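Colleague: In this note's numbering, the protein residues as written are 1 to 255. Even for Gly, the Cβ is constructed at its ideal location relative to N, Cα and C. Predicted model only: the values in this text are computed from it and were never measured. This is the structure I want to talk about, given as structure tokens.
Below is the structure:
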């Protein structure tokens, strides 16, 4: 298994390494900054070279949307999408589903608000497909310029976080993707941040999630991130068994 990460990562990269090792696989973490990509080698040539060496699985994170699919087409190898630009992050959505299942027992019927930079978030790109499939009712909340222009059928849009708080089971916070063009004003924490006051106003039993990395004091106050409603570390913990399952499936020939 080769972890081919062309963008920074802590949670995904390390959990894929742990997952592969627990399955008994040999793991190589590819560092683009110490490879021939620094000499101008293309992604296509890089992955075809790795394929010629007998690699079985490529775990790919890349700034361009669609890159994992290209890699599969070029090599014919099993490829896992670990995040492609503003596209999707499927294993994060699966880890989130497992964390919710562990907390609530049943996912179907939950109401979730995803709050923040929905236009540029690849995690949101996977959640808007996976959660409704699992029976979760979704509302997407954020500044108008960071909301998707055309949400999937049945998914609500709102610019008013306080207006949708009633009846929520899950608040899923996203960081603003400044590296991808997301911009917000100084009033963002006041309008969309999960403050202690907002958290206290949530229905009993509701939870708060965040895929990380967290910008404490922006999308969430530290006391809330570390508080009893937080599922953030549960999401991290769920990532290892989920990625073990995905790696085992693709290595065994599953699509």
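Measuring alpha carbon to alpha carbon, tell me which of 4, 21, 7, 163 ends up nearest residue 245.
Modeller: Mapped onto the chain shown, residue 245 falls at position 245. It is 21 whose Cα lies nearest to the Cα of residue 245.
Colleague: Which residue wins for smallest C-alpha separation from residue 28, given the options 249, 55, 40?
Modeller: Working through the chain shown from its first residue, we reach residue 28 at position 28. When each option's Cα is compared against that of residue 28, the closest is 55.
Colleague: Go to residue 83, then tell me how far its beta strand (DSSP E) extends in each direction, as first and last residue.
Modeller: Taking the chain shown and counting its residues from 1, the one referred to as residue 83 is at position 83. Looking at the DSSP string, the run of the beta strand (DSSP E) that includes residue 83 is 78-84.
Colleague: Scan the segment 99-161 and note each continuous alpha helix (DSSP H) run of 4 residues or more that stays entirely inside, going in chain order.
Modeller: The segment 99-161 contains these whole alpha helix (DSSP H) runs: 122-133.
Colleague: Based on DSSP bridge pairs, tell me the residues matched to residue 188.
Modeller: On the chain shown, residue 188 is found 188 positions in, with the first residue counted as 1. Answer by DSSP bridge pairing: none, since residue 188 is not bridged.
Colleague: Could you work out which residue in 19, 60, 75 is closest to residue 45 when comparing CA atoms only?
Modeller: Working through the chain shown from its first residue, we reach residue 45 at position 45. Nearest of 19, 60, 75 to residue 45, Cα basis: 75.
Colleague: So, with DSSP's three-state summary, where would you put residue 62?
Modeller: The residue you call residue 62 lines up with position 62 of the chain shown. In this structure, residue 62 counts as strand in the three-state DSSP scheme.
Colleague: Is the beta carbon of residue 59 less than 8 Å from the beta carbon of residue 80?
Modeller: Indexing the chain shown from 1 puts residue 59 at position 59. Indexing the chain shown from 1 puts residue 80 at position 80. Yes, the pair counts as a contact, with Cβ atoms nearer than the cut-off.
Colleague: Based on the DSSP output, what are the partners of residue 209 in its beta bridges?
Modeller: Within the chain shown, numbered from 1, the residue matching residue 209 stands at position 209. 172.
Colleague: Sort 207, 200, 190, 231 by Cα distance to residue 217 and report the nearest one.
Modeller: As a position in the chain shown, residue 217 is number 217, starting the count at 1. Taking only the C-alpha atoms, the option nearest residue 217 is 190.
Colleague: Just to confirm, are residue 108 and residue 134 a CB contact at a threshold of 8 Å?
Modeller: Locating residue 108 in the chain shown gives position 108, where the first residue counts as 1. Locating residue 134 in the chain shown gives position 134, where the first residue counts as 1. Going by C-beta atoms, residue 108 is nearer than 8 Å to residue 134.
Colleague: My assumption, with CB atoms under 8 Å, is that residue 269 sits in contact with residue 125. Please give the rounded CB distance.
Modeller: Here the chain covers residues 1 to 255 and nothing more, so residue 269 does not appear.
Colleague: On the three-state DSSP scale, how would you describe residue 258?
Modeller: No answer is possible for residue 258: it lies beyond the span of the chain, which begins at 1 and ends at 255.
Colleague: Given 8 Å as the limit, is there contact between the segment 205-220 and the segment 165-177, that is, 3 or more CB pairs closer than that?
Modeller: The segment 205-220, when compared against the segment 165-177, does touch it at the 8 Å Cβ threshold.
Colleague: Work out the CA separation of residue 238 and residue 18 for me, nearest whole Å.
Modeller: For the purposes of this step, residue 18 is identified with residue 18 of the chain shown, where counting begins at 1. For the purposes of this step, residue 238 is identified with residue 238 of the chain shown, where counting begins at 1. About 12 Å.
Colleague: Can you give the Cα-Cα distance for residue 144 and residue 119, rounded to whole angstroms?
Modeller: Looking up residue 144 in the chain shown gives position 144. Looking up residue 119 in the chain shown gives position 119. Using only the alpha carbons, I get a separation of about 10 Å.
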